[in-house]
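Some notes on the structure that comes next.
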Amino acid sequence: MAEEWNTNLLALVYGIGRGDLEFLGINDAGQLTIQFESAEIPIVRVIEKAGLSGSFNLRIPYLVAARARHVEEAFRAAVGKVGLAATVLLAYPVKVSAHRLLLRTFLHARSNYGFQVGSSNELKFVLSLDGLDNRLIVCDGVKTRSYLHLAERAVRKRYRVVITIGSVADLTAIVDYPWTTRPEIALRLKAYSTVPGHWSHATGRHSKFGLAADEVKQVAQTLTDGSLTDTATTVMMHPGSQVQETSALAQFGEQIARVYLELREQGLDSLQVIDIGGGIPVDYTGTGATTTPEAYAENLMRGVTEGLREASTEELPRGFIVESGRYIMAPSSMVVVKIIDVRSVYPSTPPTTPNAKRTVESLVARLRSANSVKEIEGILSSVEGEDHGRTLESMVQREAMLGMLVVAARQRLAELGIDPPPSNTEFLKPRYLVTGEFSVFNSIIDHLIVDQYFPVIPVTRLRGRPRSTVRLVDMTCDSDGEISKFCLKKLDRVLLTEDFIPLTTRAPCIGEGIPIPEIKSLQNSHVVIALTGAYQDTVISGQGMFARLPSVVLDVTDDGSWSVDVERSS
Ligand SMILES: Cc1ncc(COP(=O)(O)O)c(C=O)c1O
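Everything in the sequence shown is counted per my numbering, starting at 909 for the first residue and increasing by one.
Have a look at this one:
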């Protein structure tokens, strides 16, 4: 029986309204909306109001404040739960996104939110923000003279500056610097306990970050021997990004707490703060498989209390610094891509020669009784033979035949109930190539450099069964400039497009092809590439020399009124 299509099924297929796309919805008109406490705003109305003819980055400051508070509250609750009387301070890492307006929103979300910077230029940028008052600034990265000079100026301006020592060279630079006003010091330790995740290479023995065990001892000795002991307030360790495994987090927490305690016992008795870095994951695939901030904080704190089991009351940490970046920033930006062309891989008309018609008829009959993917593929490959590709006309007939046969092949796959669908199979490849006015290199570079998945969702006509799937190609002359991966969500039955492409599976997996409601109306419509707020603005490449997209800032007030503001250069 044909599946009844409704909004809930479409939301499930795209991951809308769940996990980290919980701020998105679909309204009765089939439009993708952004849901705020006070309003539900169709993205298509934002596009109209912005009045831009092409693609743009949509910025949603409201989400930055909401997510920052969420992280802070999760850690506060976890700290309370394990019975520690310690403060929780957020230090947002500027490398994740330095969009001025988004950072101002972060600053205004709470009077004690601070920043983490990794270079003198990032520090300069932070110091140029209004309303910074006496905020915390954690200065990480390689300590050049000019960086330390700027850090000292920040101390003099009464910011709470914590400089990390992540190498012996950092130690030498900091000891040799002629401080007139001294910052606090954090010992950044190498995270020996590798936490599995996308960036697990950033941790472990071979990580480029942090002091190795012997170096920690050397640094601690130098600090206690010199005049900087009382400035060493903090130990810091970063578990990597997109951290998924909660048991590894407990180990991480235990390790940093043990080292904290040991260093105190060895004479660094001004230590009172543990900086646990960033790492809270974003559920890019919408499968609900990632750790929530609450679970993340609870597991980490469970480990911390284990590591502090032997500590006396005076030795217990008075504060925790949390450097979460990705989780706070990812939903705050999305690329709104205008579709400027739609092409079909196969001809839109069936084969016309009697020979081709006969071939299709007999192959469709064979496909109907095929019993495996291998058999289906074998039948399709018989069309690729030389006779069908000698002349232009024979190529047209071959392509028209294949256009029909791939649909029959998919239909057979569905009848056979093969799930999850086979990967890298020609007959499941999207039929349509949709050109978007954007560059993958400028807008979602992590798609290429770390194989990061980003959800792509149409903005309108989200009603009924999706017609088919597409590849979203960009405007660069680079074959890597496309995004076509799509995460098939878990469901106890396989939903299909009108042309029999699987949209769900019993075992979530990444397939190829973005579901699209209609093909006819696609040109000049828009899709969004969501969750692009973290790292994509800061790590870009100039492939094709395309200009960066303009930004449109969407602001909402408590009474539900909203406005858009176009920033031409972001
Ligand atoms: C030292 C440090 N702190 C914080 C972060 C932010 O991590 P995330 O964005 O995964 O929260 C990073 C990024 O890898 C980092 O290197």
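The beta-carbon is built from N, C-alpha and C at its ideal position, and this holds for glycine as well.
Predicted model only: the values in this text are computed from it and were never measured.
List the whole-angstrom C-beta distance separating residue i from residue j, where the pair is believed to meet the contact cut-off of C-beta under 8 Å.
{"i": "V1315", "j": "F1408", "result": "6 Å"}
{"i": "G1194", "j": "P1363", "result": "6 Å"}
{"i": "I1284", "j": "L1275", "result": "6 Å"}
{"i": "S1376", "j": "T1405", "result": "5 Å"}
{"i": "C1395", "j": "Y1361", "result": "6 Å"}
{"i": "L1336", "j": "R1318", "result": "7 Å"}
{"i": "G1452", "j": "C1385", "result": "6 Å"}
{"i": "R1166", "j": "G1227", "result": "R1166 to G1227, Cβ: 18 Å. No contact."}
Using only alpha-carbon positions, find the residue among the options that is nearest to residue i.
{"i": "K1398", "options": "R953, T995, P1328", "result": "P1328"}
{"i": "I1287", "options": "E1334, S1252, S1241", "result": "E1334"}
{"i": "N1020", "options": "A982, Y1067, V1002", "result": "Y1067"}
{"i": "L1097", "options": "G1112, Y1085, P1338, R1172", "result": "G1112"}
{"i": "E1060", "options": "S1028, P1330, P969", "result": "S1028"}
{"i": "F1160", "options": "R1210, Q943, E1475, N916", "result": "R1210"}
{"i": "G925", "options": "T941, W913, D936", "result": "T941"}
{"i": "A982", "options": "F1346, I955, T1200", "result": "T1200"}
{"i": "E945", "options": "S1469, V1474, V1460", "result": "S1469"}
{"i": "A1238", "options": "L1380, D1445, E1123, Y1085", "result": "D1445"}
{"i": "R1018", "options": "E980, A1273, D1359, A1317", "result": "E980"}
{"i": "G1421", "options": "V1034, V1474, L1208, V1381", "result": "V1381"}
{"i": "A947", "options": "D1466, V1474, E1475, V1472", "result": "D1466"}
{"i": "E1170", "options": "L1095, V1190, L1035", "result": "L1095"}
{"i": "S1471", "options": "K957, E912, L917, V952", "result": "K957"}
{"i": "G1450", "options": "P1410, I1352, V1378", "result": "I1352"}
{"i": "P1330", "options": "A1415, A994, Y1361", "result": "A1415"}
{"i": "E1307", "options": "T1267, F1346, G1325, L1324", "result": "T1267"}
{"i": "V1004", "options": "R1456, E1231, G1227", "result": "E1231"}
{"i": "T1368", "options": "V952, L1176, T1052", "result": "V952"}
{"i": "A1006", "options": "L1216, L1058, R967", "result": "R967"}
{"i": "Y1085", "options": "P1255, L1058, G959", "result": "L1058"}
{"i": "Y1192", "options": "V1050, D928, L1216", "result": "D928"}
{"i": "Y922", "options": "V1447, P1458, I1437", "result": "I1437"}
{"i": "L1176", "options": "T1154, A1197, Q1126", "result": "Q1126"}
{"i": "F1371", "options": "E930, N1432, D936", "result": "It is Arg, not Phe, that sits at residue 1371 in the sequence shown. Out of E930, N1432, D936, D936 has the C-alpha closest to the C-alpha of R1371."}
{"i": "I1229", "options": "L1321, I1045, E1206", "result": "I1045"}
{"i": "I1392", "options": "D1400, L1403, V1402, V1378", "result": "Just to set this straight, residue 1392 is Ser in the shown sequence, not Ile. It is V1378 whose Cα lies nearest to the Cα of S1392."}
{"i": "T1261", "options": "M1303, N1279, S1220", "result": "M1303"}
{"i": "V1002", "options": "V996, C1047, I1326", "result": "C1047"}
The alpha helix (DSSP H) spanning residue i covers which residue range?
{"i": "V1167", "result": "1154 to 1173"}
{"i": "T1267", "result": "1262 to 1276"}
{"i": "L920", "result": "915 to 922"}
{"i": "H1016", "result": "1008 to 1017"}
{"i": "T1088", "result": "Careful: T1088 lies outside any alpha helix (DSSP H) and carries neither H nor E."}
{"i": "S1471", "result": "Note, S1471: premise wrong, no alpha helix (DSSP H); beta strand (DSSP E) at 1470 to 1475."}
{"i": "E1123", "result": "1121 to 1133"}
{"i": "E1202", "result": "1201 to 1215"}
{"i": "S1028", "result": "1028 to 1035"}
So the beta strand (DSSP E) residue i belongs to, where does it begin and stop?
{"i": "V1143", "result": "1140 to 1144"}
{"i": "K1246", "result": "1241 to 1252"}
{"i": "G1233", "result": "No beta strand (DSSP E) contains G1233, which DSSP labels as neither H nor E."}
{"i": "I1287", "result": "Here I1287 belongs to no beta strand (DSSP E); instead the alpha helix (DSSP H) covers 1281 to 1289."}
{"i": "K1398", "result": "1393 to 1398"}
{"i": "G1450", "result": "Run containing G1450: none; DSSP gives neither H nor E here."}
{"i": "Q1024", "result": "1022 to 1025"}
{"i": "I1422", "result": "1422 to 1424"}
{"i": "Y1000", "result": "995 to 1001"}
{"i": "D1463", "result": "1459 to 1464"}
{"i": "H1434", "result": "1434 to 1437"}
{"i": "V1181", "result": "1181 to 1183"}
### Task
Would you check if the segment 1082 to 1101 and the segment 1129 to 1139 touch, i.e. whether three or more CB-CB distances between them fall below 8 Å?
yes
### Three-pair Cβ contact test at 8 Å for the segment 1137 to 1155 versus the segment 1169 to 1186
yes
### Message
If we require 3 or more residues per run, which beta strand (DSSP E) segments fall completely within the segment 1316 to 1379?
### Response
1340 to 1344, 1364 to 1366
### Message
For the pair the segment 1240 to 1258 and the segment 948 to 968, tell me if three or more CB-CB distances fall below 8 Å.
### Response
yes
### Query
Does the count of Cβ pairs from the segment 1424 to 1443 and the segment 979 to 993 closer than 8 Å reach three?
Too few Cβ pairs lie closer than 8 Å, so no.
#### Entry: 3 or more residues per run - each beta strand (DSSP E) lying fully within the segment 1038 to 1101
1044 to 1047, 1068 to 1073, 1092 to 1096
#### Entry: Uninterrupted alpha helix (DSSP H) stretches inside the segment 929 to 990 (no shorter than 4 residues)
Counting whole runs of 4 or more residues, the segment 929 to 990 contains the alpha helix (DSSP H) stretches 951 to 958, 969 to 989.
### Message
Quick test of the definition: if touching needs 3 or more C-beta pairs under 8 Å, does the segment 1036 to 1047 touch the segment 999 to 1012?
### Response
yes
#### Entry: Cβ pair count under 8 Å reaching 3, the segment 1071 to 1090 against the segment 1118 to 1134
The segment 1071 to 1090 and the segment 1118 to 1134 touch, with no fewer than 3 CB-CB distances between them shorter than 8 Å.
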